[in-house]
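In this note's numbering, the protein residues as written are 28 to 473.
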Amino acid sequence: MSKTSISCAVILAALALPHTAPAQDEWRRRRPSHRALNVAVGDYGISVGNSRGINGLRINFRDDDLRWVNGINLTFWKARDNYDAVINGLAVGLVGPQAGEINGIALGLGVEAERLNGLSVGALASVVTQSLHGVAVGGLATVAAEGDLTGIAVGGLATVTNGDMAGIGVGGLATVSNGSLRGLAVGGLATVSNGDLHGINVGGLAAVSNGNMHGMGVGGLALVTEGDMAGVGLGGLATVADGSLHGIGVGGLASVIGEDLAGLSVGGLASVVTGATIGASVGGLATVHNRDAEGLYLGGLATVVNGSAAGLLVGGLASVVNGDMTGMGIGGLAVVASRRIRGIALSAGAVHAEGLMQGVAVGGYKVESRRLEGLIIAGIRTKARRSLTGFAIAGYNNIQGVQHGLTIGLYNRARELHGVQVGLLNYAGNNEGVWRWLPLVNAHLN
28 MSKTSISCAV ILAALALPHT APAQDEWRRR RPSHRALNVA VGDYGISVGN
78 SRGINGLRIN FRDDDLRWVN GINLTFWKAR DNYDAVINGL AVGLVGPQAG
128 EINGIALGLG VEAERLNGLS VGALASVVTQ SLHGVAVGGL ATVAAEGDLT
178 GIAVGGLATV TNGDMAGIGV GGLATVSNGS LRGLAVGGLA TVSNGDLHGI
228 NVGGLAAVSN GNMHGMGVGG LALVTEGDMA GVGLGGLATV ADGSLHGIGV
278 GGLASVIGED LAGLSVGGLA SVVTGATIGA SVGGLATVHN RDAEGLYLGG
328 LATVVNGSAA GLLVGGLASV VNGDMTGMGI GGLAVVASRR IRGIALSAGA
378 VHAEGLMQGV AVGGYKVESR RLEGLIIAGI RTKARRSLTG FAIAGYNNIQ
428 GVQHGLTIGL YNRARELHGV QVGLLNYAGN NEGVWRWLPL VNAHLN
């Protein structure tokens with residue numbers, strides 16, 4: 028994308044400048060004429076014609092092999108060859124001034140220099156083949172073809188540099204840097220950096236960095252970085268970082284982080300983090316994390332963590348953790364952990380912890396784990412495959428192992444009871460004879 032934009036801008040700038048200079052080997056075979064009318068004392072005064080140089084005012088139709096001007100250089104046509112020219116002061120060309128180096132102010136339809144330090148205004152384009160330091164304005168484009176751009180650059184269609192850009196870059200369609208970009212960059216359609224991007228970057232459609240992004244980036248449709256993002260990133264449809272995000276990332280549809288998140292990630296539909304997370308993540312439909320997560324996680328339909336989670340997890344339908352859950356988990360239909368839940372788990376449907384449920388668990392349908400410890404409440408049933416320690420209330424309390432504590436329900440069943448059962452029918456597998464099955468209350472206190 029960036030290489031195409033650069034190529035188009037360079038071609039555009041080349042068309043804007045009627046480049047008629049011959050190749051340098053051809054220039055060596057000819058001898059430019061340096062005929063001029065000089066009204067000067069020494070090298071100070073006025074020169075009319077193709078003089079080699081002057082301190083003062085120089086007026087020429089078309090420059091050829093100019094060496095230096097300290098003062099004002101006024102031309103009417105594009106230079107034949109000014110590769111070695113150094114102009115200090117004001118360079119004005121009806122078509123456009125051209126020099127090896129311009130220090131000062133350059134004005135014309137098209138301004139061309141190898142190095143420019145100062146102010147350049149080209150009605151069509153300002154083109155610098157090596158380095159630009161100062162302010163450059165091009166009606167169509169401002170281009171630093173080979174080197175760096177430092178200062179302020181404005182292009183009606185594009186601002187382009189093949190090196191680094193530092194300062195302010197504004198392009199009606201695009202601002203593009205093949206190196207790093209530092210400062211403020213604005214592109215009507217896109218802001219693109221093939222290196223690191225530091226500062227504030229705004230693209231009407233997209234802001235893109237092929238390196239790291241530090242600061243604030245805004246893309247009307249998307250904000251994309253192939254490296255790490257540190258700061259604030261806003262994308263109308265998506266914010267994407269192939270690396271880590273340290274800060275805030277917001278995408279109208281999605282926020283996608285390829286590695287770790289430390290901060291806040293918000294996606295209108297989904298927030299997805301491939302690495303570890305410390306902070307907060309919000310997704311209109313889902314929040315998905317492929318490694319451990321610590322903080323606040325909200326998913327309109329689901330919150331999913333493929334590692335362990337610590338903090339507050341909320342899923343409209345489900346909160347699912349493929350490791351340990353520590354803190355508080357809320358799921359409309361289910362709260363699920365593949366290992367342990369320590370804290371509070373609330374669901375209108377089911378709470379399920381494969382290894383241990385420790386704390387407070389409330390399930391509209393059921394609460395189930397290998398070991399239940401704490402306060403357990405379920406609308407239909409509780410199930411402890413190994414043990415219950417604490418207090419459980421449900422229609423059916425099924426303790427397949429050892430119960431230490433109190434169960435209240437319509438039917439309470441414990442393979443080994445060390446506590447009290449209160450219900451219509453109670454079964455204690457370690458009681459003898461008629462004491463094994465009892466209505467209302469059963470107990471084994473040894």
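We put the CB at the ideal spot given by N, CA and C, even for glycine.
| Item | Value |
| --- | --- |
| Cβ neighbours of V348 in the same chain (closer than 6 angstroms, five flanking residues each side left out) | V332, A336 and A364 |
| Span of the beta strand (DSSP E) around H61 | It is not in any beta strand (DSSP E) - H61 carries neither H nor E in the DSSP assignment. |
| Pairwise C-alpha distance: K410 and R397 | 8 angstroms |
| Local conformation of W104 per DSSP, three classes | coil |
| CB contact flag (L167, A152, <7 angstroms) | yes |
| Span of the beta strand (DSSP E) around I407 | Careful: I407 lies outside any beta strand (DSSP E) and carries neither H nor E. |
| Beta-carbon proximity check, G376 vs G391, cutoff 7 angstroms | yes |
| Environment of Y454 [buried if 16+ CB atoms lie within 10 Å] | buried |
| Proximity of G206 and A185 at Cβ, strictly below 7 angstroms | no |
| Proximity winner among I368, F88 and V187, relative to H61 (alpha-carbon distances) | F88 |
| Per DSSP, cross-strand counterpart(s) of F418 | L402 and L433 |
| Beta-carbon spacing of G190, G178 below 7 angstroms | no |
| When L84, L340, A419 and A201 are compared against G354, the one with the closest alpha-carbon | L340 |
| Local conformation of G456 per DSSP, three classes | coil |
| Chain-order list of residues whose beta-carbon lies under 8 angstroms from that of G194 (same chain, five-residue window excluded) | L176, T177, G178, I179, A180, R209, G210 and L211 |
| Simplified DSSP state of V347, which is helix, strand or coil | strand |
| DSSP-derived helix/strand/coil call for V461 | helix |
| Between the CA atoms of R412 and N457 - distance to the nearest angstrom | 16 angstroms |
| Cross-strand partners of T188 (DSSP beta bridge) | A171 and S204 |
| Contacts around N469, its chain only, beta-carbon distance under 6 angstroms, and the 5 residues preceding and following it disregarded | Q448, N453 and A455 |
| Assumed close pair L328, G343 - CB separation to whole angstroms, cut-off 8 angstroms | 5 angstroms |
| Candidates Y438, A421, L437 and G417: closest to V429 by CA position | G417 |
| Minimum C-alpha distance to D223 - residue among R79, E286 and A268 | A268 |
| Which listed residue (M256, W462, G436 and L451) has its alpha carbon closest to that of E443 | W462 |
| Close Cβ partners of V299 (< 6 angstroms) along its chain, the five nearest in sequence each way excluded | V283 and V315 |
| Classification of L134 by the beta-carbon crowding that lies within 10 angstroms, buried from 16 upward | buried |
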